[in-house]
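If you're matching them up, the sequences are chains P and X in order.
Letter 113 of the first sequence, counting from 1, is numbered 113 in my numbering, and no numbers are missing.
Letter 31 of the second sequence, counting from 1, is numbered 31 in my numbering, and no numbers are missing.
Positions of the beta carbon are idealized from the N, C-alpha and C atoms, including for glycine.
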Amino acid sequence: DARVTQTPRDKVTEMGQEVTMRCQPILGHNTVFWYRQTMMQGLELLAYFRNRAPLDDSGMPKDRFSAEMPDATLATLKIQPSEPRDSAVYFCASATGGTTGELFFGEGSRLTVL
Amino acid sequence: GQNIDQPTEMTATEGAIVQINCTYQTSGFNGLFWYQQHAGEAPTFLSYNVLDGLEEKGRFSSFLSRSKGYSYLLLKELQMKDSASYLCAVSDANNRKLIWGLGTSLAVNP
């Protein structure tokens, strides 16, 4: 059963600490997205990659966030230093890159920054 | 600007029919999606419309009018398990970025 895998599922950390979230997209999917979800803002696109190349990271605060895709099976989202306002659920999603654009979401990483 | 509007909350009764509306204003259009998200879980794909009209899939149907910038999701024979948030999203024409609504939280009561 193919699915997107994310780690960690839950993370509690203190302000100023580095946080790294990892995502394994579905095998064969060439498009990977990082989203942040909060009650107030809903789903916000942070970054996305196609064939491992970053296509758009305009939604990501560049001073503290970075997203990479070191290989086709791993995408990472790093926050350094973390702040309380970064508390949210972070979702990774993958897609085949076809025109219908159905996204397959991972279960999310719930981040709490104290 | 880009904007997607949908009601924040709706309530319906088990066995009934409910229609969740979505209006959008985007600079481009390459299709409209509906996703379902249960509390504490990931969004899952429900439907995709790119042409005007109604797409039916079991108990769920989705309608699109591109000229009106309007879509609705119709849920028939409601079940308790349909209690969830329903997210409307529009795909940008150029780069397939999805612009998301904040979601409609549907509560199905017995």
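Roughly how many whole angstroms lie between the Cα atoms of C22 of chain X and C88 of chain X?
-> For the purposes of this step, residue 22 of chain X is identified with residue 22 of the second sequence, where counting begins at 1. For the purposes of this step, residue 88 of chain X is identified with residue 88 of the second sequence, where counting begins at 1. Straight-line Cα distance between these residues: approximately 7 Å.
Along the beta strand (DSSP E) that carries T5 of chain P, what are the first and last residues, could you check?
-> Numbered from 1 along the first sequence, position 5 holds the residue referred to as residue 5 of chain P. Start and end: T5 to T7.
Pick out whichever of P:D63, P:T7, P:D56 and P:G108 has its Cα sitting closest to the Cα of I79 of chain P.
-> Translated into positions along the first sequence, residue 79 of chain P becomes position 79. Considering only alpha carbons, the answer is P:D63.
With E102 of chain P and Y48 of chain X assumed to form a contact (beta carbons below 8 Å), what rounded beta-carbon distance in angstroms separates them?
-> Here residue 102 of chain P refers to the residue found at position 102 of the first sequence. Here residue 48 of chain X refers to the residue found at position 48 of the second sequence. With 8 Å as the limit, E102 of chain P and Y48 of chain X qualify as a contact, their Cβ atoms being about 7 Å apart.
Give a yes or no on whether the minimum CB-CB distance between L102 of chain X and chain P is below 8 Å.
-> The residue given as residue 102 of chain X occupies position 102 in the second sequence. It does: the Cβ of L102 of chain X has a partner Cβ on chain P nearer than 8 Å.
Pick helix, strand or coil for P43 of chain X, following the three-state DSSP scheme.
-> The residue labelled residue 43 of chain X in the question sits at position 43 within the second sequence. The answer is coil: DSSP assigns P43 of chain X none of H, G, I, E or B.
What is the DSSP secondary structure of K62 of chain P, counted as helix, strand or coil?
-> Here residue 62 of chain P refers to the residue found at position 62 when the first sequence is read from its first residue. K62 of chain P: coil per DSSP, three-state reduction.
Three-pair Cβ contact test at 8 Å for the stretch 50–67 of chain P versus the stretch 105–113 of chain P | no
Can you tell me which of the three DSSP states M15 of chain P falls into?
-> To locate residue 15 of chain P, count along the first sequence from 1; it is residue 15. Looking at M15 of chain P - three-state DSSP - the assignment turns out to be coil, as it is neither helix nor strand.
Check the Cβ-Cβ distances between P7 of chain X and every residue of chain P, and say whether any is below 8 Å.
-> As a working note, residue 7 of chain X is residue 7 in the second sequence. No, its Cβ sits nowhere closer than 8 Å to a Cβ of chain P.
My guess is that T7 of chain P and R22 of chain P are in contact by the Cβ rule of under 8 Å, so how many angstroms apart are they, rounded?
-> Along the first sequence, read from residue 1 onward, the residue named residue 7 of chain P stands at position 7. Along the first sequence, read from residue 1 onward, the residue named residue 22 of chain P stands at position 22. Rounded, the Cβ-Cβ distance is 5 Å, consistent with contact.
Which word fits I17 of chain X, buried or exposed, when buried means at least 16 other C-beta atoms lie within 10 angstroms of its C-beta?
-> Walking along the second sequence from the start, residue 17 of chain X turns up at place 17. Exposed, because fewer than 16 other Cβ atoms sit within 10 Å of the Cβ of I17 of chain X.
At least three beta-carbon pairs within less than 8 Å, the stretch 90–108 of chain X to the stretch 27–34 of chain X | yes
Taking the CB atoms as reference points, tell me whether L78 of chain X and T13 of chain X lie closer together than 8 Å.
-> Looking up residue 78 of chain X in the second sequence gives position 78. Looking up residue 13 of chain X in the second sequence gives position 13. Judged by their CB atoms, L78 of chain X and T13 of chain X are nearer to each other than the 8 Å cut-off.
Count the other C-beta atoms from every protein chain shown that fall within 10 angstroms of the C-beta of P70 of chain P, then say buried if there are 16 or more, exposed otherwise.
-> Here residue 70 of chain P is taken as the residue at index 70 of the first sequence, counted from 1. It counts as exposed.
Tell me, please, which residues DSSP counts as bridged to M10 of chain X.
-> Taking the second sequence and counting its residues from 1, one reaches residue 10 of chain X at position 10. Answer is X:L106, bridged to M10 of chain X.
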